[in-house]
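Chemist: Sharing a structure here in structure tokens format.
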Amino acid sequence: MTDAFVLGGVRTPVGRYGWLALAHSHIRTDDLLGRTMVAACERTSVPLDKVEDIVAGCVNPAHEGMGDIARWSALAAGFPDSVPAITVNRFCASSLSAAISIAHAIRSDEMEIGLASGVESMSRSGWALMKGDAPFMPRGPVFMLDTMWAGAGGPPNPTLLALNAYIEMMQTAQNVADRYNLTRDEIDTFALRSHQHAAAARDSGRLAMEIEPVEIPASRTAPARRFEHDESIRGDTTAEKLAALAPQPNTTQMTAGNSSPLNDGASAVVLASAAAAENLGVEPLARVVASATYALDPHIMGIAPAFAIPKALARAGLNPGDIGVWEIHEAYSAQALGVLRELPHQLDGFEVPDERLNPNGGAVAIGHPFGSSGTRYVLTLATELRLREARYGVLGVCVGSGQGVAVVLENHRVA
30 MTDAFVLGGV RTPVGRYGWL ALAHSHIRTD DLLGRTMVAA CERTSVPLDK
80 VEDIVAGCVN PAHEGMGDIA RWSALAAGFP DSVPAITVNR FCASSLSAAI
130 SIAHAIRSDE MEIGLASGVE SMSRSGWALM KGDAPFMPRG PVFMLDTMWA
180 GAGGPPNPTL LALNAYIEMM QTAQNVADRY NLTRDEIDTF ALRSHQHAAA
230 ARDSGRLAME IEPVEIPASR TAPARRFEHD ESIRGDTTAE KLAALAPQPN
280 TTQMTAGNSS PLNDGASAVV LASAAAAENL GVEPLARVVA SATYALDPHI
330 MGIAPAFAIP KALARAGLNP GDIGVWEIHE AYSAQALGVL RELPHQLDGF
380 EVPDERLNPN GGAVAIGHPF GSSGTRYVLT LATELRLREA RYGVLGVCVG
430 SGQGVAVVLE NHRVA
């Protein structure tokens with residue numbers, strides 16, 4: 030079996046949802062992804078024509094990149110016609126699944142160089158007019174669906190609707206909070222930690238190591254500018270400010286302050302075999318060691334990484350104490366805390382040390398453009414392992430519908 034390595038990559042700064050003077054909302058989604066994929070290849074000195082396949086994650090393709098946004102983005106960005114591409118959707122772990130797919134192909138000796146990427150533009154997600162259940166139905170009211178909330182899906186399936194499988198993600202976070210008896214103070218404290226760590230990483234230049242700045246053209250109301258930093262980080266927030274926020278509908282503890290925001294962004298990483306990296310003269314950042322998936326009841330979807338991570342560690346032949354960096358997705362502070370509460374039950378009592386957990390903050394502060402987050406985490410973890418001179422790291426992402434995906438990476442420099 031051939032090893033698969035992460036050569037490197039880039040991500041855009043994460044932009045806030047909206048249309049007025051905000052970062053990515055005026056950039057086509059396919060252009061945002063295409064530019065990022067090209068930048069990842071440039072950052073790793075990989076010629077575009079050397080990429081053998083592209084896999085991109087996107088949860089909602091109901092916008093300018095409708096259909097196979099990976100292929101359209103590649104063509105629009107200047108990749109040769111000969112470079113194939115496919116779009117995958119596993120909700121929040123879409124681009125992480127893309128990276129795993131590329132790694133599997135390399136490890137199976139079916140590929141030398143591949144590009145994993147992801148994009149989401151909540152600002153540009155479209156509306157869909159639904160057809161009737163039968164052709165030539167009588168004219169009448171037309172159902173219009175907000176595809177951002179529906180995940181680009183159509184009208185709900187009655188069977189799944191009866192099971193409440195389409196439960197709102199914020200309600201699943203509340204379910205997790207109830208399951209593990211989390212207090213509002215604990216949840217807000219974790220959110221504050223995320224913002225403080227992210228702000229420190231931004232101010233020190235740590236996050237800039239991953240970011241490819243985006244040039245924002247001038248508009249009638251604003252001059253051209255260079256977008257360099259994540260827009261959702263609130264380094265000035267306090268426990269008092271977070272505590273003052275009212276709970277969101279249908280919850281008792283979930284607020285805008287302890288949940289990941291609505292965002293736009295893209296990310297991409299290049300993966301290759303050892304032979305390909307040597308031929309390119311590129312030193313890899315990390316080796317892909319193992320991966321795992323897990324699924325459970327959609328009502329408590331957030332804790333699935335607590336089961337996927339132990340599976341990945343077992344496949345890697347590692348003990349939890351071997352892990353120097355833990356990246357736990359923060360869809361919600363309560364969800365991440367639920368994972369941390371469940372992990373000791375799955376890891377023989379092992380508790381993740383705070384100093385090894387999400388050292389640069391997480392999605393509550395940085396943001397969560399659904400399709401982009403997975404490869405953003407791969408890049409963040411690989412970079413952090415190199416900076417800390419730590420050998421192993423693991424990341425786990427929860428997935429709407431009740432799934433979890435985990436990956437173990439190794440800093441081969443200290444192997």
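Each residue of the sequence shown is one higher than the one before, starting from 30 at the first, in the numbering used here.
Every residue, glycine too, gets a C-beta built ideally from N, C-alpha and C.
Please read all numbers here as calculations on a predicted model, not as lab measurements.
#1: Per the contact definition of three or more C-beta pairs closer than 8 angstroms, is the stretch 328-340 in contact with the stretch 405-421?
#2: Leaving out five residues before and five after Pro290 in sequence, what residues of the same chain have Cβ atoms less than 6 angstroms from its Cβ?
#3: List the endpoints of the continuous beta strand (DSSP E) containing Leu300.
#4: For my contact list, Leu424 and Tyr406 are in at a C-beta cut-off of 8 angstroms; report their separation, rounded to the angstrom.
#5: Less than 9 angstroms between the beta carbons of Leu62 and Ser102, yes or no?
#6: Look up Ala105 in the DSSP assignment and say whether it is helix, strand or coil.
#7: Looking at C-beta atoms only, is the number of pairs between the stretch 435-443 and the stretch 362-380 that lie closer than 8 angstroms three or more?
#8: Take the Cβ of Phe120 as the centre, count every other Cβ of all protein chains shown within 10 Å, and call the residue buried at 16 or more, exposed below.
#9: Please report the distance separating the alpha-carbon of Leu49 from that of Arg231.
#10: From Ile357 to Val67, what does the alpha carbon distance come to, in whole angstroms?
#11: Tell me, which residues are paired with Gly44 by DSSP?
#12: Kindly indicate which three-state DSSP category Gly400 falls into: helix, strand or coil?
#13: Reducing DSSP to helix, strand and coil, say where Asn440 ends up.
#14: Looking only at its chain, what residues have a beta carbon closer than 6 angstroms to the beta carbon of Lys340, apart from the 5 residues adjacent to it on each side?
#15: For the stretch 234-287, list the alpha helix (DSSP H) runs that are entirely contained and at least 4 residues long, ordered along the chain.
#16: Which residues mark the beginning and the end of the alpha helix (DSSP H) in which Thr188 is found?
#17: Is it right to say Pro185 is buried, meaning 16 or more other beta carbons lie within 10 angstroms of its own, or is it exposed?
#18: So what does DSSP say about Ile196, is it helix, strand or coil?
#19: By a C-beta neighbour count over all protein chains shown, 10 Å radius and 16 as the cutoff for buried, is Leu221 buried or exposed?
#20: For Cys87 and Trp156, what's the separation of their Cα atoms in angstroms?
#21: Between the Cα of Pro109 and the Cα atoms of Leu77, Arg40 and Gly96, which residue gives the shortest distance?
#22: Leaving out the 5 sequence neighbours to the left and right, which residues in its chain are closer than 8 angstroms to Asp82 when beta-carbon positions are compared?
#23: From Val43, His53 and Ala435, pick the residue whose C-alpha is nearest to that of Arg344; which is it?
#24: Give me the Cα-Cα distance between Thr212 and Pro334, rounded to the nearest whole angstrom.
#25: State the CB to CB distance for the pair Ser146 and Ala85, rounded to an integer number of angstroms; the pair is presumed to be in contact (CB under 8 angstroms).
#26: Taking Arg255 as the reference, give the member of Gly44, Pro276, Asp32 and Met30 with the closest Cα.
#27: Less than 9 angstroms between the C-beta atoms of Val243 and Pro42, yes or no?
#28: Could you name each continuous beta strand (DSSP E) segment of 3 residues or more that falls completely within the stretch 347-399, going from the start of the chain to the end?
Modeler: The structure says:
#1: At 8 angstroms Cβ cutoff, the stretches do not touch.
#2: Excluding residues within five positions, the ones whose Cβ falls inside 6 angstroms are Ser261 and Gly396.
#3: Note, Leu300: beta strand (DSSP E), Asn292 to Ser302.
#4: Contact flag correct, Cβ pair sits at about 5 angstroms.
#5: Going by C-beta atoms, Leu62 is nearer than 9 angstroms to Ser102.
#6: Ala105 falls in the helix class under three-state DSSP.
#7: These segments do not touch.
#8: Phe120 is buried by the Cβ-count criterion.
#9: Note that Leu49 has pLDDT 48, beneath the 50 cutoff, so the model's placement of it is unreliable and no number is given.
#10: Ile357 and Val67: Cα-Cα distance of roughly 28 angstroms.
#11: Looking at the DSSP output, Gly44 shares a beta bridge with Asp293.
#12: For Gly400, the three-state secondary structure derived from DSSP is helix.
#13: Note: Asn440 maps to coil in three-state DSSP.
#14: These residues qualify, in order along the chain: Ala321.
#15: Assignment of alpha helix (DSSP H) within the stretch 234-287, counting only whole runs of 4 or more residues, yields 268-272 in chain order.
#16: Thr188 -> alpha helix (DSSP H) spans Pro187 to Ala191.
#17: With fewer than 16 other Cβ atoms within 10 Å, it is exposed.
#18: Coil, per DSSP.
#19: The residue in question, Leu221, is buried, as its Cβ has 16 or more Cβ neighbours within 10 Å.
#20: For the pair Cys87 and Trp156, the Cα-to-Cα distance works out to about 16 angstroms.
#21: When each option's Cα is compared against that of Pro109, the closest is Leu77.
#22: The beta carbon of Asp82 sits closer than 8 angstroms to the beta carbons of Val112, Pro113, Ala114, Ile115, Ile131, Ala134, Met140, Gly143 and Leu144 from its chain, once the five residues preceding and following it are set aside; these are given in chain order.
#23: Comparing alpha carbon positions, the residue from Val43, His53 and Ala435 closest to Arg344 is Ala435.
#24: Thr212 and Pro334 have their C-alpha atoms roughly 21 angstroms apart.
#25: About 5 angstroms separates the beta carbons of Ser146 and Ala85, which is inside the 8 angstroms limit, making them a contact pair.
#26: Nearest to Arg255 by C-alpha distance, out of Gly44, Pro276, Asp32 and Met30, is Gly44.
#27: Against a cut-off of 9 angstroms, the Cβ pair of Pro42 and Val243 comes out as a contact.
#28: Within the stretch 347-399, the complete beta strand (DSSP E) runs of at least 3 residues are 352-357.
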